[in-house]
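Here the sequence shown is numbered in the working numbering, starting from 183 and rising by one per residue.
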Amino acid sequence: MTETDRELAGKVAIVTGSARNIGRAIAEELARAGAALTINALKDARAAEAVAQGIRDRGGQAIAHVADIADPDAVERLVGATGEAFGGVDILINNAAQRSSVDFVDLTWEEWVRVRSVALDGAFLMSKACVPHMISRGGGSIVGIGGLSSVLGAAKGAHKSATKDGMSGMIRGMATDLGRHNINCNIAVVGVYDTDRASGSGALIARGADRPIPMGRKGVGQDMADTIRFLVGPKARYITGQTIHVNGGAFLAH
């Protein structure tokens with residue numbers, strides 16, 4: 183095993199919404215790169231612990247922590263538990279989001295707030311809680327998982343589009359403010375992925391059924407995980423404020 187194989191050794195990462203799907207793939211890939219992981223889920227403690235145990239079984243370091251990242255107190259406990267276990271935080275992946283598909287005519291304020299509170303407010307709270315750790319440790323990396331629907335729009339997804347677009351704008355602003363602290367901040371945009379949570383991709387498929395993905399297939403979690411590993415690693419140290427489309431060219435096809 184070469185040094186490059188474990189380029190994140192000594193680093194600590196939190197991946198929100200990492201008990202399954204893309205979040206799980208990201209967490210497992212960062213663990214393979216040597217990072218210690220906090221696996222987060224909203225409610226499913228068993229699923230989160232299974233991911234953490236799998237990482238430990240393969241010789242890595244991981245804890246599981248159930249937390250609603252829309253709750254400021256829960257966020258403080260999550261980040262605090264990570265600090266207690268591993269000494270701090272170097273990497274934050276803002277991946278958590280709520281499933282929702284509602285026509286704008288039927289969209290309620292309560293549903294708007296429910297979706298926004300995780301994808302946007304939660305990303306803000308997590309970033310605010312982790313940044314002091316990163317500054318004290320000499321730098322860090324933050325990546326937000328964006329949605330293709332926030333760029334193109336999607337039927338029954340105005341609320342999701344707005345919150346993901348808001349998160350992307352926030353992260354670009356953070357890149358400007360945090361660069362002097364050696365913290366890089368980027369957005370990685372999913373598209374049509376072979377998971378049970380796709381960011382408005384169903385509507386995008388319907389809208390562009392006659393315009394296939396240029397790469398000829400749906401994405402899988404490992405596609406995003408490999409990109410995230412690069413973005414939080416030493417070879418991406420001078421990349422910040424960028425939006426990276428990890429969707430096989432789906433952005434071009436619509």
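Cβ atoms here follow ideal geometry from the backbone N, Cα and C, with glycine treated the same way. Small disclaimer: the values here were computed from a predicted structure and weren't measured.
query: How many Å lie between A370 and I208 at the Cα?
result: Between the alpha carbons of A370 and I208 lies a gap of roughly 12 Å.
query: Exposed or buried, which one is R399 when buried takes at least 16 other CB atoms within 10 Å?
result: exposed
message: Which same chain residues end up closer than 7 Å to D347 when comparing Cβ atoms and leaving out the 5 residues on each side of it in sequence?
response: The residues are S332.
query: According to DSSP, which residues form a beta bridge with S323?
result: I273 and N366
message: Rounded to the nearest angstrom, what separates G401 and E211 at their Cα positions?
response: Taking the straight line joining both Cα atoms gives about 16 Å.
- request: Decide yes or no for the touch test of the stretch 225-236 against the stretch 278-286: beta carbon pairs closer than 8 Å, at least 3 of them.
  value: no
query: Between G236, T377 and P314, which lies nearest to I204 when the distance is taken from Cα to Cα?
result: T377
message: Is the separation between the beta-carbon of S366 and that of A418 shorter than 8 Å?
response: It is Asn, not Ser, that sits at residue 366 in the sequence shown. In this structure, A418 lies closer than 8 Å to N366 by Cβ.
- prompt: From L413 to E293, what distance separates their C-alpha atoms?
  reply: 32 Å
- prompt: Is it buried or exposed for T358, if we count other Cβ within 10 angstroms and need 16 for buried?
  reply: exposed
task: List the residues that DSSP assigns as beta-bridge partners of H247.
output: Looking at the DSSP output, H247 sits in a beta bridge with N222.
query: Which term fits Q280, buried or exposed, when burial requires 16 or more other beta carbons within 10 angstroms of its beta carbon?
result: buried
- request: Give a yes or no on whether the minimum CB-CB distance between G348 and chain B is below 8 Å.
  value: Of the chains in the structure shown, none is chain B; there is only one protein chain.
- prompt: Span of the alpha helix (DSSP H) holding A227?
  reply: Its alpha helix (DSSP H) spans residues A227 to D239.
query: So, helix, strand or coil for A267, using DSSP?
result: helix
- prompt: Along the chain, where does the beta strand (DSSP E) that runs through V197 open and close?
  reply: V194 to V197
query: If you draw a straight line from the C-alpha of Q424 to the C-alpha of P396, how long is it?
result: Using only the alpha carbons, I get a separation of about 22 Å.
message: Based on DSSP bridge pairs, tell me the residues matched to T425.
response: In DSSP, T425 forms a bridge with I369.
message: Given a cut-off of 8 Å on the beta-carbon distance, is the pair L274 and A244 in contact?
response: no
message: Just verifying my parser: in three-state terms, what is the DSSP assignment at G329?
response: In this structure, G329 counts as strand in the three-state DSSP scheme.
- prompt: Using 8 Å as the threshold, is the stretch 246-266 in touch with the stretch 300-313, meaning 3 or more CB pairs across them?
  reply: Between the stretch 246-266 and the stretch 300-313 there are three or more inter-stretch CB-CB distances shorter than 8 Å, so the stretches are counted as touching.
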